[in-house]
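*Asks:* This is the structure I have questions about; it appears just below.
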Amino acid sequence: MNIKLWIKRVKCAMFCNKPFELLNYYEKIDKGIVGAVKCPKCGNEMFILNKRK
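Going by my numbering, 35 is the number at position 47 of the sequence shown; the sequence numbering is gapless.
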């Protein structure tokens, strides 16, 4: 699965503008793919949604 490709395009805009790293959790849902991500610089963790078109 090419999940890492869209993770690299999303950056931590809140603090340091670094690309997120994918944590060991992602799940396919009806609206797309939800992934747990972490900023390598500041440690900010969140879930993001890659929406299906």
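Built from N, CA and C at the ideal position, the CB exists for glycine as well.
Around the Cβ of C27, are there at least 16 other Cβ atoms within 10 angstroms (buried) or fewer (exposed)?
*Replies:* The residue you call residue 27 lines up with position 39 of the sequence shown. Buried, since its Cβ has 16 or more Cβ neighbours within 10 Å.
*Asks:* Per DSSP, L37 is paired with what?
*Replies:* The count along the sequence shown starts at 1 and reaches residue 37 at position 49. Looking at the DSSP assignment, L37 forms a beta bridge with V22.
*Asks:* Does DSSP put M(-11) in a helix, a strand or coil?
*Replies:* By 1-based counting over the sequence shown, the position of residue -11 is 1. Because the pLDDT at M(-11) is just 47, under 50, the model does not fix this residue reliably, and the point stays unresolved.
*Asks:* Which of helix, strand or coil does DSSP assign to K16?
*Replies:* Here the question's residue 16 lines up with position 28 in the sequence shown. Three-state DSSP puts K16 in a strand.
*Asks:* Sort K39, E33 and N38 by Cα distance to K6 and report the nearest one.
*Replies:* Against the sequence shown, residue 6 aligns to sequence position 18. Nearest option by C-alpha distance: E33.
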